[in-house]
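Please read the structure below before turning to the comments.
There are 2 protein chains.
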Amino acid sequence: MRLVIATCSVDYQGRLTAHLPMATRLLMVKADGSVSIHGDDRAYKPLNWMSPPCRLHEEEGRWVVVNQRGETLTITIEAVLSDQSADLGVDPGLSKDGVEAHLQELLAARPDVLAEGLRLVTREFPTDIGPVDLLCRDANGAAVAVEIKRRGDIDGVEQLARYLERLDLDGRLRPVRGILAAQQVKPQARVLAAARGITWVEVDYDRLRGESLGDLTLF
Amino acid sequence: MRLVIATCSVDYQGRLTAHLPMATRLLMVKADGSVSIHGDDRAYKPLNWMSPPCRLHEEEGRWVVVNQRGETLTITIEAVLSDQSADLGVDPGLSKDGVEAHLQELLAARPDVLAEGLRLVTREFPTDIGPVDLLCRDANGAAVAVEIKRRGDIDGVEQLARYLERLDLDGRLRPVRGILAAQQVKPQARVLAAARGITWVEVDYDRLRGESLGDLTLF
DNA sequence: ACGTTGAGATTGCCG
DNA sequence: CGGCAATGTCAACGT
Numbered sequence: 009m010r011l012v013i014a015t016c017s018v019d020y021q022g023r024l025t026a027h028l029p030m031a032t033r034l035l036m037v038k039a040d041g042s043v044s045i046h047g048d049d050r051a052y053k054p055l056n057w058m059s060p061p062c063r064l065h066e067e068e069g070r071w072v073v074v075n076q077r078g079e080t081l082t083i084t085i086e087a088v089l090s091d092q093s094a095d096l097g098v099d100p101g102l103s104k105d106g107v108e109a110h111l112q113e114l115l116a117a118r119p120d121v122l123a124e125g126l127r128l129v130t131r132e133f134p135t136d137i138g139p140v141d142l143l144c145r146d147a148n149g150a151a152v153a154v155e156i157k158r159r160g161d162i163d164g165v166e167q168l169a170r171y172l173e174r175l176d177l178d179g180r181l182r183p184v185r186g187i188l189a190a191q192q193v194k195p196q197a198r199v200l201a202a203a204r205g206i207t208w209v210e211v212d213y214d215r216l217r218g219e220s221l222g223d224l225t226l227f
Numbered sequence: 009m010r011l012v013i014a015t016c017s018v019d020y021q022g023r024l025t026a027h028l029p030m031a032t033r034l035l036m037v038k039a040d041g042s043v044s045i046h047g048d049d050r051a052y053k054p055l056n057w058m059s060p061p062c063r064l065h066e067e068e069g070r071w072v073v074v075n076q077r078g079e080t081l082t083i084t085i086e087a088v089l090s091d092q093s094a095d096l097g098v099d100p101g102l103s104k105d106g107v108e109a110h111l112q113e114l115l116a117a118r119p120d121v122l123a124e125g126l127r128l129v130t131r132e133f134p135t136d137i138g139p140v141d142l143l144c145r146d147a148n149g150a151a152v153a154v155e156i157k158r159r160g161d162i163d164g165v166e167q168l169a170r171y172l173e174r175l176d177l178d179g180r181l182r183p184v185r186g187i188l189a190a191q192q193v194k195p196q197a198r199v200l201a202a203a204r205g206i207t208w209v210e211v212d213y214d215r216l217r218g219e220s221l222g223d224l225t226l227f
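Chains as they are written, first to last, in our numbering: chain A, 9 to 227; chain B, 9 to 227.
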């Protein structure tokens, strides 16, 4: 990695046109060929950049970075305040833990959180356009399809509506009603759900996790 | 801005849990308080980070960054290879051209590009599921809703179809037809638009801008 | 290789 | 400050 602190102006010509006037900034050149230009704010996002694969041509007072699509990033350098290189080696990489998969587990264990008396029939119930997250029966024995999202958006409502349309073709299930479960349900999704006769529930992930832990300690 | 090259391991506890094993990386601390950890690849995205507002507590061999939501980023430092600070000042900022907002301005000024005799009624016409980009009247006085995208995709067609559904509930507008305008309309979007009775138009941004400039010089 | 989907999305706009 | 949409979205995953 090469780190240069320089007074420079920047021009990007590609999917759009962008310009940065002359100022002091950090230029970061990574081993993968990418170049990014950072100011002293905007969190981790650079002011401008070029993603790999691309090539850096360095001239006197002028860097030109070109990628395969012909987009160019031109850096005009007035003064270099610092120029430093370091060999970082290959990073051993990151391990993550997903929230959304866990949400399905928790709701499969406690479907009654979504509606009183709701009982799980199966997870990932298959239809010919994809699996329904949870298939349940309510207190009256009627079928209920549950779609789980971290964020409930219009897309989620339409997805669930398509599932319900397929499930209603099955005489053993009909009539099937739908519940959209999400940590947050957007206003637009609420309107569309109402128009489609679909119920929505906002789920408190932390509280649900707490209750599950409570259950575990009880048994 | 402070730039530290160090051998370190990193733990993030917040919206998810993540761990980075010991390796040499760049630690970037910006004036806005943000901290990011870069490896020598992954383009401009850091391996891990904390967005502002947050606070950095620095101890011997250990940095702890905490934000207001209680999320923490812990950096355990084994060795510091370099530690450098620079005052970059406030960046004068980026100017852009060629994004969707621009396209909307140009089409609002020249709606006849989309269909002969088309006249603008209003921009950003509100519905309860979001605003329609352009509401127009055609040569016969019939209402036309225009959805503008940089790239016309299936999502854009469905979005416009939902707007049309809502607008058709308004007796003063009904019947409303739709036009999807984009610099590029994808094949799948063309098929779906046809099935929904929606017209699509590919717009040449550079030519449109040229014509608008032409108009300006004429008057 | 291409299309689809999620992201600790981030960022800017507008009410 | 919150809701909402765009992003040069990027990146992972399935076909």
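Heads up, the beta-carbon is just placed ideally off N, CA and C, and yes, glycines get one too.
Keep in mind that this is a model prediction, so the values were computed, not measured.
Self-check item: Helix, strand or coil at residue 186 (chain B) according to DSSP, with G and I counted as helix
Solution: As a position in the second sequence, residue 186 (chain B) is number 178, starting the count at 1. Of the three classes helix, strand and coil, the one that applies to residue 186 (chain B) here is strand, per DSSP.
Exercise. Compare the C-beta of residue 139 (chain B) with all C-beta atoms of chain A and state if any pair is closer than 7 Å.
Key: By one-based count along the second sequence, residue 139 (chain B) stands at place 131. So, not an interface residue.
Quiz item: So which residues on chain A does residue 31 (chain B) lean against when the C-beta distance must stay under 8 Å?
Solution: Within the second sequence, the letter at position 23 stands for residue 31 (chain B). Those are 96, 97, 99 and 100, listed as they occur along chain A.
Quiz item: If you draw a straight line from the alpha carbon of residue 43 (chain B) to that of residue 192 (chain B), how long is it in whole angstroms?
Solution: Locating residue 43 (chain B) in the second sequence gives position 35, where the first residue counts as 1. Locating residue 192 (chain B) in the second sequence gives position 184, where the first residue counts as 1. Going by C-alpha positions, residue 43 (chain B) is about 39 Å away from residue 192 (chain B).
Quiz item: How many Å lie between residue 255 (chain B) and residue 57 (chain B) at the Cα?
Solution: It is not possible to answer for residue 255 (chain B), since the shown part of chain B is limited to 9 through 227.
Practice problem: May I ask you to verify whether the stretch 10-25 of chain A touches the stretch 72-87 of chain A, counting CB pairs closer than 8 Å and requiring at least 3? | Solution: As far as the Cβ criterion goes, the stretch 10-25 of chain A touches the stretch 72-87 of chain A, which means the pair count is three or higher.
Quiz item: What residue from A:166, A:62, A:165 and A:115 has the CA that sits closest to residue 144 (chain A)'s CA?
Solution: Taking the first sequence and counting its residues from 1, the one referred to as residue 144 (chain A) is at position 136. The candidate whose alpha carbon is nearest that of residue 144 (chain A) is A:115.
Quiz item: How would you write the range of the beta strand (DSSP E) that residue 155 (chain A) sits in, first residue to last?
Solution: Along the first sequence, one-based indexing puts residue 155 (chain A) at 147. Counting along the chain, the beta strand (DSSP E) containing residue 155 (chain A) begins and ends at 151-160.
Practice problem: Under 8 Å by Cβ, that's how I've got residue 61 (chain A) and residue 41 (chain A) pegged, so tell me the actual separation to the nearest angstrom. | Solution: Counting from 1 along the first sequence, the entry for residue 61 (chain A) is found at position 53. Counting from 1 along the first sequence, the entry for residue 41 (chain A) is found at position 33. With a Cβ gap of about 6 Å, residue 61 (chain A) and residue 41 (chain A) count as contacting.
Practice problem: For residue 163 (chain B), collect the residues of the same chain with a Cβ closer than 7 Å to its Cβ; drop the 5 residues on either side in sequence, then sort them by chain order. | Solution: Within the second sequence, numbered from 1, the residue matching residue 163 (chain B) stands at position 155. Only residues of its own chain outside the window of five on either side were considered, and among them none has a CB closer than 7 Å to the CB of residue 163 (chain B).
Self-check item: Cβ of residue 20 (chain A) within 7 Å of any chain B Cβ
Solution: One-based indexing of the first sequence puts residue 20 (chain A) at position 12. Answer no: the Cβ-Cβ gap between residue 20 (chain A) and chain B never drops below 7 Å.
Practice problem: Taking residue 130 (chain B) as the reference, give the member of B:136, B:137 and B:154 with the closest Cα. | Solution: By one-based count along the second sequence, residue 130 (chain B) stands at place 122. In this structure, B:154 is the residue among B:136, B:137 and B:154 with its C-alpha nearest to the C-alpha of residue 130 (chain B).
Practice problem: Going by DSSP, name the residue or residues bridged to residue 138 (chain B). | Solution: Sequence index remark: in the second sequence, residue 138 (chain B) carries index 130 (1-based). Partner residues in the beta bridge of residue 138 (chain B), as assigned by DSSP, are B:135.
Quiz item: Counting contacts by CB-CB distance shorter than 7 Å, is residue 14 (chain B) in contact with chain A?
Solution: As a first step, residue 14 (chain B) is located in the second sequence; it is residue number 6 there, counting from the start. Chain A, which has no Cβ nearer than 7 Å to the Cβ of residue 14 (chain B), makes this no.
Practice problem: Return the residue from the list A:128, A:100, A:92 and A:197 that minimises the CA-CA distance to residue 113 (chain A). | Solution: Reading the first sequence from its first residue, position 105 is the one you call residue 113 (chain A). In terms of Cα proximity to residue 113 (chain A), the closest of A:128, A:100, A:92 and A:197 is A:128.
Practice problem: Quick one: grab the DSSP three-state call for residue 29 (chain B). | Solution: Residue 29 (chain B) sits at position 21 when you count from the first residue of the second sequence. In this structure, residue 29 (chain B) counts as strand in the three-state DSSP scheme.
Quiz item: Distance, Cα to Cα, residue 95 (chain B) vs residue 91 (chain A)?
Solution: Counting from 1 along the second sequence, the entry for residue 95 (chain B) is found at position 87. Counting from 1 along the first sequence, the entry for residue 91 (chain A) is found at position 83. Looking at the two C-alpha atoms, the distance is approximately 15 Å.
Exercise. List the endpoints of the continuous alpha helix (DSSP H) containing residue 108 (chain B).
Key: Locating residue 108 (chain B) in the second sequence gives position 100, counting from the first residue. Counting along the chain, the alpha helix (DSSP H) containing residue 108 (chain B) begins and ends at 108-117.
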